[in-house]
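Student:
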Amino acid sequence: MSRIITRRGLLGLGAAAGSSLILSGCDQFDFLGQRGGAARTFLEQANVMTYKAQRLLIGEQTLAREYAPSEIRQGQRPNGSTDPTTPEYLALKANNFADYKLTVTGMVEQEVSFSLDELRNMPARSQITRHDCVEGWSCIAKWTGTPLGPILDMAKVKPQARFAVYHCYDNIEKTLSGDIIYYTSSDLIDAHHPQSILSYGLNDQVLPVSNGAPIRLRIERALGYKQPKFLHTIELVDDLSPFGKGKGGYWEDTGYDWYGGI
Amino acid sequence: MSVETAAPATRGPLIYRQSIWTRVTHWIWAICLFFLLLSGLQIFNAHPSLYIGQQSGFEFDNAVLSMSAINTDAGPRGRTTILGQQFDTTGVFGMSGSADRPQFQGFPGAATIPSYRDLGTGRVVHFFFGWVFVLTMFVWFLASFFNRHIWRDIIVKPRDVAGLPKDIVDHATLRFHHGRSYTPLQKVAYFGVFFILFPLIIATGLTMSPGMDSMFPWLLDIFQGRQTARTIHFITMALLVGFFIIHIIMVIIANPFNELRSMITGWYRASPGTPLNEGDKP
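Residue numbers (the numbering used here), protein chains in the order written: chain C, 1 to 262; chain W, 1001 to 1282.
1) Quick check: the Cα distance between D1153/W and A64/C, rounded to an integer number of angstroms?
2) Please tell me whether L1065/W and I1043/W are closer than 9 Å, where the distance is taken between their beta carbons.
3) Please name the residue or residues paired with H1177/W in a DSSP beta bridge.
4) Would you say I262/C reaches chain W, if we count a Cβ-Cβ gap shorter than 9 Å as a contact?
5) From T1136/W, N1277/W, Q1018/W and G1179/W, pick the residue whose C-alpha is nearest to that of F1194/W; which is it?
6) L1206/W to R1180/W, Cα distance in whole Å?
7) Considering only the alpha carbon of each residue, which of I219/C, S113/C, L240/C and I180/C lies closest to T103/C?
8) Spell out a yes or no on whether the stretch 138-146 of chain C and the stretch 198-206 of chain C are touching, meaning 3 or more CB-CB pairs, one atom from each, closer than 8 Å.
9) Going along chain C in order, which residues have a C-beta closer than 8 Å to the C-beta of Q1054/W?
10) Does chain C have any CB closer than 9 Å to the CB of W1131/W?
11) Skipping 5 residues on each side, what residues in its chain have a beta carbon closer than 6 Å to that of Y51/C?
12) Anything in chain W within Cβ reach of T62/C, meaning under 7 Å, just list it in chain order.
13) Do you know offhand how far T1010/W's Cα is from L1038/W's?
14) With respect to the beta strand (DSSP E) encompassing S1049/W, which residues constitute its N-terminal and C-terminal limits?
15) Between the C-alpha atoms of V237/C and G1122/W, what's the straight-line distance to the nearest angstrom?
16) Express the C-alpha separation of G1084/W and K1157/W in angstroms, rounding to a whole number.
17) Could you spell out the range, first to last residue, of the beta strand (DSSP E) harbouring A1069/W?
18) Below 8 Å on the Cβ atoms is my guess for C139/C versus Q227/C; work out the distance and round it to an integer in Å.
19) Would you mind telling me which residues of chain W sit closer than 7 Å to R77/C, beta carbon to beta carbon, in chain order?
20) Decide if L152/C is buried, meaning its Cβ has at least 16 other Cβ atoms within 10 Å, or exposed.
21) By Cβ distance below 6 Å, which residues in the same chain neighbour S1096/W in space, the five residues on each side in sequence not counted?
22) Looking at the C-beta of Y1268/W, does it have a partner C-beta in chain C at a distance below 9 Å?
23) For G244/C and Y67/C, what's the separation of their Cα atoms in angstroms?
24) Using 9 Å as the limit for Cβ to Cβ distance, is M143/C near chain W?
25) Please classify Q127/C as buried or exposed, where buried requires at least 16 neighbouring CB atoms within 10 angstroms.
26) Contact criterion: CB-CB distance below 9 Å. Does T254/C meet it with respect to chain W?
27) Using a C-beta cutoff of 9 Å, does N327/C count as contacting chain W?
28) Do you know offhand how far Q34/C's Cα is from A1046/W's?
29) Keeping to the same chain, check which residues put their C-beta closer than 7 Å to that of I1150/W; ignore five residues upstream and five downstream.
30) Return the residue from the list T1228/W, W1029/W and Y1016/W that minimises the CA-CA distance to G136/C.
31) Any chance the stretch 1210-1225 of chain W sits against the stretch 1051-1058 of chain W, with 3 or more Cβ pairs inside 8 Å?
32) CA-CA distance, N203/C and S70/C?
33) What does V1134/W reach in chain C if we use C-beta pairs closer than 9 Å?
34) Taking a cut of 7 Å between CB atoms, which residues from the stretch 1221-1248 of chain W lie near chain D?
35) If we define contact as Cβ-Cβ less than 9 Å, is A1254/W a contact residue for chain C?
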């Protein structure tokens, strides 16, 4: 008898706890937002699992879907920085990017730099792809540029390099202690992917400032925050911790997952 | 002997109804769906519009649902547009919170994790419990296939279809029969959840991943686009919430003690007249 009462009490307690959990709103789970907290760090392991699972299952060369020209039904929606105001960028823009250089540096045998004209004269690839923003929306556009892989091959990436860090010109955030400059990074599989192009053309026009002129990298199997705009330097590294807050990108530093393929 | 002859008239036997696999996966799912729902609404709030097609129409209109705050002569109002029909949803959708601290967002903060706007955390929580949800489903399918739970209790068979009209009448008049297996209506409900809603919400979730789309481009074809998949993901969520509400109401009406006990200990008090089997308790 006492056993039944204990069970009954237990069930009642469970039901009460369950219903209060549902009714009381959810600010008691706000601690999950604490970056670096034990619970948050534990939950973030799921993103590591997603990355490993997708790298295991998806071929390194597997292409993102490319669409028919009829699917281009609107301009590419600009988002994030749409008009950078750093002095370096304003100077380049004033001269129509004639002095622009894209540099590949870091763990390479030979640092290389290319002007915009040189990049435009390299083998080009055009692709009509879907841009998926982390917010949830999608937009289809035609991107034209030169594949990044052969450029990395020219610089001869050292075997110990694990990541490519993409440094940009835009001040994505202005704070009291100065501008925060956009950057992101990827593994070398995404960097060498055949659709990863240094784009200078959008929908058969010159890439406009609002979409990342003069060069925006496309990483087509990832979300929009992995498509760095206003790109100027690609740095090959074996460790992401020295950059920003150490999470591998501006948005990643604020708490987005690093891989960005989901 | 006298006890055994008297018992059937008042109450049926205690039967071992739910295996450990059913019970453990049930409670893991309950926790997962709670966190998936609230973190999912947080993610939805980052762009509180749903579309049909491959992309989101900014220069054309393919939206089927949209929540926003608008300015009117009477001050800001929350507005929800569904298939072109506009509804004033101030206080719930589009605009919520108190008068002095209004929140201009899709779903109110009380329905999201975290309670404030934090897409990054919403995604971390969503994908963690998404993994747990899917792995639990894998375990459930394996266990329930081998212990025949799926065949015995979930698959809707011809005799369940034949018994459906009577079961609907029984449920409508609150005459519940507690047998060894589920009634036809229960089987239809659980079959719908396990074989339609769960696979659908997982597949549409995967369709939103650009990585998965490269591996399984046919996902984009069967759902007619990533944005359609996102819309179906949302509708499936609403259907699962509907299932949850009916599920809880039925537990409360049927006998919450007996129902909860069966999902915790496995033992269930069947209706009077249920024949005793080996292993049953009186």
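Where a beta carbon is used, it is the ideal one built from N, C-alpha and C, also for glycine.
Tutor: Per the coordinate set shown:
1) 42 Å
2) no
3) Note: H1177/W sits in no beta bridge, so no partner.
4) yes
5) T1136/W
6) 37 Å
7) S113/C
8) yes
9) Y67, E71, R130, S138 and I140
10) yes
11) Y259
12) S1214 and M1215
13) 44 Å
14) S1049 to Y1051
15) 30 Å
16) 41 Å
17) A1063 to T1072
18) At roughly 12 Å, the Cβ-Cβ gap does not stay under 8 Å, so C139/C and Q227/C are not in contact.
19) F1058
20) buried
21) Q1103 and P1108
22) no
23) 36 Å
24) Here residue 143/C is Trp; the residue named in the question, Met, does not match the sequence. By this cut-off, W143/C is not an interface position.
25) buried
26) yes
27) Given that chain C is displayed from residue 1 to residue 262, the structure contains no residue 327/C and the question cannot be resolved.
28) 19 Å
29) S1144
30) T1228/W
31) yes
32) 12 Å
33) Residues of chain C passing the Cβ test: none, with the nearest at roughly 11 Å.
34) The chain labelled as chain D is not found among the protein chains of the depicted structure, namely C and W.
35) no
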